[in-house]
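Line order of the protein sequences matches chains H, V and Y.
Counting from 1, one number per residue, gives the positions in the first sequence under my numbering.
Counting from 319, one number per residue, gives the positions in the second sequence under my numbering.
Counting from 612, one number per residue, gives the positions in the third sequence under my numbering.
Cβ atoms here follow ideal geometry from the backbone N, Cα and C, with glycine treated the same way.
Quick notes on the structure that follows.
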Amino acid sequence: MSELLKVEALKVYYRLPQGVVRAVDEVSFSLERGEVLGIAGESGSGKSTLAMALAGLLRPPAVIESGRIIFDGLDLTKLGEGEWRKLRGRRIAVIFQDPGTYLNPVYTSGFQVAEVYEAHRGGRASRYVELVKDLYRKVKMADPERRVHSYPHQMSGGMKQRVLISMAIAEKPDLIIADEPTSALDVTIQAEIVELLKELKSETGSSIIFITHDLALLLEIADRIMIMYAGKMAELGRSSEIRDNPLHPYTRGLLSVLKPERKQKLASIPGSIPSLIDPPKGCRFHPRCPMAMPECSRVEPRTVKVNGRTVSCLLYEG
Amino acid sequence: MTKRIKEAKRKRLLEVWEAFKANKVALAALCIVAIVIILTPIGSRIAPHDPYDFNLARARQPPSGEHVLGTDELGRDILSRLLVGAKYTVGISVVSIVIGASLGTLLGLISGYKGGLWDSLIQRVNDVLLAFPTILLAIALVAFKGPGVSSLILAIAVSSMPVYVRLVRAAVLQVVVEDYVAAAKLLGLSSWRIMLRHVLPNVMSPVIVQATYHMGLAILIASALGFLGLGVPPPTPEWGSMIGTGKVYLFSAPHIVVFPGLFISVTIIAFNVLGDGLRDALDPRARAMLRRF
Amino acid sequence: MEAVVRLIDVRKYFPAGAGILGFGRKYARAVDGVSLDVYGGEVLALVGESGSGKSTLGKIVAGLLEPDGGKVLYRGEDLFRILGRRDVRHKIQAVFQNPDSSLNPRLTVFDTLSEAIKARNPKLGNSHLLEEIVKLLKVMGLSEDHLVKYPGELSGGEKQRIAIARALAVEPEILVADEIVSSVDVSVRAHILNLLMDLKEMYKLTMIFITHDMGLVWAVADRIAIMYTGKIVEEGPVEEVFKDPLHPYTKMLLTSSPSAKLVGAYVDEKFKARGEPPSPIDPPKGCKFVTRCPIATKECWTQEPPLKPVSANRKAACLKI
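Right, here's the structure in full:
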């Protein structure tokens with residue numbers, strides 16, 4: 001396997017009148033070709049901001065403060081909007097959470113998919129109808145011949161997500177960034193979409209960054225998982241390792257909620273998610289951490305390697 | 319504890335005020351509106367001259383030290399007439415919009431919350447009222463009752479009401495599906511209590527903003543009716559009728575028309591700008607954005 | 612065990628599309644003939660996907676929505692006949708999914724809670740009122756500082772806890788909890804669920820726990836009822852249903868659900884998810900699940916399977932059982 005993407009000490013800040021929000025703070029990771037990397041986090045963890053940064057979709061007040069995003073030898077943080085337009089859709093594709101708002105209600109779904117081809121290959125969108133039908137077959141859309149002519153409101157949530165996926169895979173991108181792609185869907189529909197993404201991945205060899213708050217889902221589809229908390233990476237490791245032997249106390253807490261004992265008290269994480277304008281000093285998780293030591297409130301943990309896994313916690317330093 | 323709760327409520331109001339204050343243009347508009355409204359009770363006391371005291375010998379004098387804004391066709395002091403006239407023009411507008419908005423809000427609340435027969439009944443009557451152009455409705459009412467302050471108030475109130483019925487009904491339909499309304503029902507509270515405590519406060523922001531815009535419009539209507547001779551009968555110094563009676567001197571003594579015109583336009587613009595400012599300040603989403611991080 | 616609430620063939624149809632002058636008007640069958648007993652002191656999980664009618668059924672049990680057909684009995688009496696009595700009204704309370712909608716944004720927490728306590732006990736003096744409120748807050752793990760706050764200043768988890776406190780203020784017997792932690796972050800979820808279970812013991816509550824999350828069902832519920840397009844397709848004790856589901860839809864749901872997998876529930880690749888639920892306006896004639904069922908045969912398209920007992924405490928609606 002070769003490396004497709006490398007993120008180095010990325011910082012994305014929101015500069016607001018009330019102060020600086022450190023939404024993504026010194027996050028580093030890499031992604032192999034053909035790999036599915038899951039990024040899990042709760043609200044305010046910075047996972048969506050990270051997705052936007054990777055897709056070049058950050059808008060002020062969000063800015064990349066420092067760090068590098070190396071995609072196939074190219075530093076994405078240095079790209080202008082024109083270069084991004086050439087890259088996005090063709091080599092990096094994005095699938096968003098809410099397919100309903102992403103599709104324009106006044107055009108047929110097929111036309112909107114064809115527009116992807118129009119943008120990258122030129123000519124009129126109508127030329128690409130047959131290609132769109134092929135795509136619809138590939139994403140296992142029921143009745144593709146008819147669905148290319150359907151308007152978004154005539155389609156279910158699952159179908160619309162298939163439309164977005166066909167847009168994303170139209171140009172066989174190297175990287176697909178999926179930001180909560182199944183969160184608005186029912187669990188049986190989600191299972192189908194996830195199955196589809198897996199199949200498409202093995203077919204096209206694309207890498208996928210799958211971002212979600214649903215750790216249980218990631219455990220099923222991701223090769224590796226990065227857990228984010230309050231803008232920082234807490235832990236990064238293979239899915240099976242995360243599931244069976246979580247290192248970071250935060251990950252342990254999450255898993256104990258996800259793997260409850262029957263009718264027993266759940267192991268709860270006290271407190272709530274901190275403000276990113278004034279995050280706790282030292283380790284950002286320490287006020288809620290059951291294993292916190294005195295120095296956790298002073299010393300910010302570095303990311304350290306433990307048996308090939310990455311974790312930011314003082315328990316594993318030194 | 320009760321003291322701390324009162325404090326929290328004050329802080330909440332203060333937040334709206336802070337948001338409003340940040341908009342300097344709206345703040346200026348608020349000052350103008352405040353001045354104009356303060357004029358309605360005290361205008362006649364601070365007027366330098368008797369607004370009814372006519373003297374043809376000093377008719378149509380341009381602005382001077384004695385008569386700061388000059389005199390009209392009958393030699394009356396224009397500044398004094400404008401100051402006293404605020405009572406009529408602005409007073410009538412404010413009173414009639416308050417009446418129209420209150421009635422409209424109440425009907426809209428019942429219409430949206432109760433639904434069914436109540437809703438159909440109120441909406442049909444409202445459709446009929448809405449179908450009349452405001453000015454036409456006002457003219458018809460004045461023609462029917464005869465000109466005077468009370469007909470003018472009635473005319474503006476009735477013609478402004480339908481807007482509030484619609485506005486409030488639409489807002490109520492959004493609020494009644496909120497879970498806190500369901501929770502209030504679960505507590506066994508009466509419909510009236512739910513309407514007044516849980517629904518009404520959550521639909522008031524657009525009403526306040528609309529009413530502010532409407533004040534400007536009402537001043538325009540009152541002035542227009544005055545100009546047409548359908549408003550408050552002379553010699554009352556209503557601003558619109560001042561323009562109406564002075565229009566023949568537009569070229570020979572423009573100040574007779576220009577100053578009332580200026581008062582009317584500045585007041586209307588002030589109300590509109592104030593409305594914009596209030597809309598932004600009262601919008602909880604805008605304020606929540608500021609608080610989020 | 613005694614049934615506190617008994618649903619008998621409950622139906623609720625919503626008009627879908629206007630039709631012409633009321634002719635040819637179509638109806639979405641949100642709840643389509645549900646019969647279900649809720650026993651005193653149990654936690655009954657009502658599970659289904661969107662459009663299954665679980666929330667509508669929850670609203671009916673809570674007395675917020677009158678059914679178009681069938682009966683809801685509360686301790687043997689017609690619920691909607693006696694709901695006008697305040698003491699009955701207070702017996703059944705509900706908490707809903709969306710924390711942003713659960714509290715009136717114009718009221719402080721104090722106002723919200725004092726209204727609920729006064730609804731139960733109108734003659735309560737001010738000092739006793741404050742005492743009661745503080746007691747409630749303590750139970751919820753909140754402090755007095757929360758009283759002066761507006762909903763906009765609270766986190767999602769705090770808002771949900773206030774909503775629960777409001778429901779408990781009138782000393783209910785039955786609590787309908789409709790997806791109450793779905794919008795709350797996972798790390799905060801455990802705390803609220805633990806709280807809910809403690810409260811259940813403290814207040815001797817009967818709970819109807821509506822959710823789509825199988826992991827939560829495993830954590831809190833005694834019994835489970837699974838809904839599909841307005842009907843209950845399977846009903847039984849949680850352990851048994853998780854380990855040995857009867858209805859093909861239950862099997863599909865468990866196989867598809869990542870959180871069910873984590874607690875070691877039944878998985879069968881044969882019942883991998885496929886297809887989409889039918890429109891509630893024009894459902895298939897026979898079994899509603901027939902369009903997605905991997906084991907359907909011809910008679911499934913024409914014959915509607917009734918929900919019938921399979922063993923002493925389990926029921927399922929499938930011709931293949």
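| Asked | Found |
| --- | --- |
| Please decide whether ARG935/Y counts as near chain H, where near means a Cβ-Cβ distance under 8 angstroms. | What is shown of chain Y runs 612 to 932, which leaves residue 935/Y out entirely. |
| Run through chain Y and tell me which residues come within less than 7 angstroms of PRO260/H, C-beta to C-beta. | GLY826, TRP829, ALA830, VAL874 |
| Just by C-beta distance, which residues in the stretch 165 to 196 of chain H are closer than 8 angstroms to chain Y? | ASP186, VAL187, THR188, ILE189, GLN190, ALA191, GLU192, GLU195 |
| At a CB distance below 8 angstroms, what residues from the stretch 781 to 801 of chain Y approach chain H? Give them in sequence order. | ASP796, VAL797, SER798, VAL799, ARG800, ALA801 |
| Taking Cβ-Cβ distances shorter than 7 angstroms, what residues in chain Y pair up with GLY506/V? | ARG697, ARG700, HIS701, ALA730 |
| Going by DSSP, what residue range makes up the beta strand (DSSP E) through LYS133/H? | Looking at the DSSP string, LYS133/H is not in any beta strand (DSSP E); the run it does join, the alpha helix (DSSP H), is 129 to 138. |
| If you measure from the beta carbon of TYR498/V to each beta carbon in chain Y, is any gap under 8 angstroms? | yes |
| Applying the 10 Å Cβ sphere with the 16-neighbour rule, what's the burial state of ARG609/V? | Reliability fails at ARG609/V, whose pLDDT of 47 lies under 50, so the model's placement of it is uncertain and the value that follows must be treated cautiously. Label assigned to ARG609/V: exposed. |
| Give me the chain H residues within the contact set of ARG976/Y, using Cβ-Cβ distance strictly less than 7 angstroms, ordered along the chain. | As shown, chain Y starts at 612 and ends at 932. That puts residue 976/Y outside it, with no answer to give. |
| Please report the straight-line C-alpha distance between SER411/V and PHE111/H, rounded to a whole angstrom. | 54 angstroms |
| Confirm, please, whether the CB-CB distance from VAL517/V to GLY422/V is below 8 angstroms. | no |
| In chain order, what residues of the same chain have a beta carbon less than 6 angstroms from the beta carbon of ARG399/V, not counting five sequence neighbours either side? | PRO369, PRO555 |
| Nearest to ASP497/V by alpha carbon, out of ALA705/Y, VAL745/Y, VAL615/Y, ASP722/Y? | ALA705/Y |
| Helix, strand or coil: how does DSSP classify TYR107/H here? | coil |
| So, does the CB of VAL616/Y fall closer than 8 angstroms to a CB anywhere in chain V? | no |
| Give me the Cβ distance between THR212/H and LEU218/H, rounded to the nearest whole Å; I'm assuming they're in contact under 8 angstroms. | 6 angstroms |
| Can you tell me where the beta strand (DSSP E) with GLY434/V in it begins and where it stops? | Segment 434 to 449 is the alpha helix (DSSP H) holding GLY434/V; no beta strand (DSSP E) there. |
| Chain V partners of VAL654/Y, CB-CB under 9 angstroms? | Under the 9 angstroms cutoff, chain V gives no residues; its nearest Cβ is about 20 angstroms from VAL654/Y. |
| Quick one: is LYS160/H near chain Y, going by C-beta distance under 8 angstroms? | no |
| Anyone know if the C-beta pair for TYR431/V and SER509/V falls short of 8 angstroms? | yes |
| Can you tell which of GLU384/V, GLU391/V, GLY593/V has its C-alpha closest to the C-alpha of PHE569/V? | GLU391/V |
| At a CB-CB cut-off below 9 angstroms, which residues of chain H make contact with HIS823/Y? | ASP186, VAL187 |
| When you check each C-beta in the stretch 328 to 360 of chain V against every C-beta of chain Y, which residues fall closer than 7 angstroms? | ARG330 |
| Check whether the Cβ atoms of ALA178/H and ILE208/H sit closer than 8 angstroms, and answer yes or no. | yes |
| What are the boundary residues of the alpha helix (DSSP H) that includes SER207/H? | Per DSSP, SER207/H belongs to no alpha helix (DSSP H); it is in the beta strand (DSSP E), 207 to 212. |
| Take the Cβ of THR310/H as the centre, count every other Cβ of all protein chains shown within 10 Å, and call the residue buried at 16 or more, exposed below. | buried |
| What whole-angstrom Cβ distance do PRO173/H and ILE92/H have, given they're in contact under 8 angstroms? | 6 angstroms |
| When Cβ atoms are compared, which residues of the stretch 250 to 274 of chain H fall closer than 9 angstroms to chain Y? | TYR250, GLY253, LEU254, LEU255, SER256, VAL257, LEU258, LYS259, PRO260, GLU261, ARG262, LYS263, GLN264, LYS265, LEU266, ALA267, SER268, ILE269, PRO270, GLY271, SER272, ILE273 |
| For HIS532/V, does the count of other Cβ atoms within 10 angstroms reach 16, so buried, or fall short, so exposed? | buried |
| Using a cut-off of 8 angstroms between C-beta atoms, extract the partners of GLU880/Y located in chain H. | None at all; the shortest Cβ gap to chain H is about 11 angstroms. |
| So that I know if they touch, is there some Cβ in chain V lying closer than 8 angstroms to that of VAL621/Y? | no |
| Residues of the stretch 500 to 529 of chain V with a CB closer than 7 angstroms to any CB of chain Y: list them in chain order, please. | ALA500, ALA501, LYS503, LEU504, LEU505, GLY506, LEU507, HIS516, PRO519, ASN520 |
| Who are TYR624/Y's beta bridge partners in DSSP? | ARG640/Y |
| If we count the other Cβ atoms within 10 Å of its Cβ and call it buried at 16 or more, is VAL495/V buried or exposed? | exposed |
| Can you tell me the Cα-Cα spacing of MET607/V and THR902/Y, whole angstroms? | Model confidence at MET607/V stands at a pLDDT of 49, short of 50, so the residue's coordinates are unreliable; what they give is reported in the following sentence. Approximately 46 angstroms between the Cα atoms of the pair. |
| Secondary structure at GLN18/H, three-state DSSP: helix, strand or coil? | coil |
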